[in-house]
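Have a look at the structure below, then the notes.
In the UniProt record's numbering, the protein residues as written are 1 to 201.
And the structure:
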């Protein structure tokens with residue numbers, strides 16, 4: 001039985017060959033777009049103090065008092081220098097994307113920001129700090145500034161210890177959880193748009 005062909009088969013073969021590379025390119029573009037959209041979600045969550053719609057625990061009165069004594073009157077959590085927020089980055093490699101704080105990111109004081117991020121995300125264990133008389137006087141000044149001096153057992157004299165603990169203030173997990181909703185649909189819509197098949201405007 002004879003087979004007849006009509007149309008430009010050479011062009012058809014070219015289109016088929018180019019199709020896989022077009023699809024791969026569209027998927028890469030969609031992945032980058034989704035990654036940067038998630039970064040924006042995290043940054044906005046920090047700025048608005050509600051990552052993923054969950055309010056961040058506010059700074060304690062002592063923390064706010066310490067800020068005021070240092071000349072900083074901001075009341076938002078995790079935004080004294082904005083270094084943590086500004087360190088949120090995107091790295092795309094192949095078909096994977098990283099959104100978070102790079103291990104090489106440093107704060108203004110040279111501290112590792114990934115360590116700061118982990119401490120804030122999950123909280124820290126209790127830390128016992130031996131107090132020198134100078135430290136106790138500073139703590140009493142903070143208590144005065146915060147209006148909590150009545151809770152002190154001394155007027156800044158003597159020695160002793162203080163136990164401090166950093167509470168968890170998750171800013172990545174809530175944003176990731178909310179962004180995950182509808183991620184497959186958004187990604188496929190982005191791919192379709194890149195291929196000229198419609199998609200988000």
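Even glycine gets a Cβ: it sits at the ideal position worked out from N, Cα and C.
Among the options, which has the Cα closest to the Cα of residue i?
{"i": "residue 141", "options": "120, 187, 64, 91", "result": "64"}
{"i": "residue 163", "options": "113, 127, 172", "result": "127"}
{"i": "residue 176", "options": "39, 103, 165, 78", "result": "39"}
{"i": "residue 136", "options": "121, 161, 178", "result": "161"}
{"i": "residue 114", "options": "107, 103, 73, 124", "result": "103"}
{"i": "residue 111", "options": "97, 81, 145, 184", "result": "81"}
{"i": "residue 33", "options": "79, 98, 86", "result": "98"}
{"i": "residue 56", "options": "41, 78, 37, 66", "result": "78"}
{"i": "residue 125", "options": "139, 184, 86, 166", "result": "166"}
{"i": "residue 100", "options": "133, 9, 178, 41", "result": "41"}
{"i": "residue 138", "options": "62, 10, 109, 168", "result": "62"}
{"i": "residue 178", "options": "10, 50, 9", "result": "50"}
Between which two residues does the alpha helix (DSSP H) carrying residue i extend?
{"i": "residue 191", "result": "183-194"}
{"i": "residue 128", "result": "No alpha helix (DSSP H) holds residue 128; the beta strand (DSSP E) holding it covers 127-131."}
{"i": "residue 174", "result": "173-180"}
{"i": "residue 84", "result": "83-86"}
{"i": "residue 114", "result": "113-122"}
{"i": "residue 197", "result": "First-last for residue 197: undefined, no H or E at that position."}
{"i": "residue 63", "result": "61-69"}
Taking just the CA atoms, how far does residue j sit from residue i?
{"i": "residue 35", "j": "residue 43", "result": "12 Å"}
{"i": "residue 88", "j": "residue 171", "result": "11 Å"}
{"i": "residue 31", "j": "residue 19", "result": "18 Å"}
{"i": "residue 68", "j": "residue 189", "result": "48 Å"}
{"i": "residue 71", "j": "residue 22", "result": "55 Å"}
{"i": "residue 186", "j": "residue 54", "result": "23 Å"}
{"i": "residue 74", "j": "residue 17", "result": "58 Å"}
{"i": "residue 84", "j": "residue 143", "result": "27 Å"}
{"i": "residue 148", "j": "residue 48", "result": "28 Å"}
{"i": "residue 107", "j": "residue 182", "result": "34 Å"}
{"i": "residue 198", "j": "residue 184", "result": "16 Å"}
{"i": "residue 116", "j": "residue 46", "result": "14 Å"}
{"i": "residue 76", "j": "residue 145", "result": "18 Å"}
Helix, strand or coil for residue i? Go by DSSP, reduced to three states.
{"i": "residue 160", "result": "strand"}
{"i": "residue 97", "result": "strand"}
{"i": "residue 76", "result": "coil"}
{"i": "residue 20", "result": "helix"}
If you measure from the CB of residue i, is any heavy atom of the ligand GTP nearer than 7 Å?
{"i": "residue 66", "result": "This structure lacks the ligand GTP, and indeed carries no ligand of any kind."}
Okay, do the region 191-199 and the region 16-30 touch, 3+ Cβ pairs below 8 Å being the bar? yes
Would you call the region 115-123 and the region 89-96 in contact, with 3 or more CB pairs under 8 Å? no
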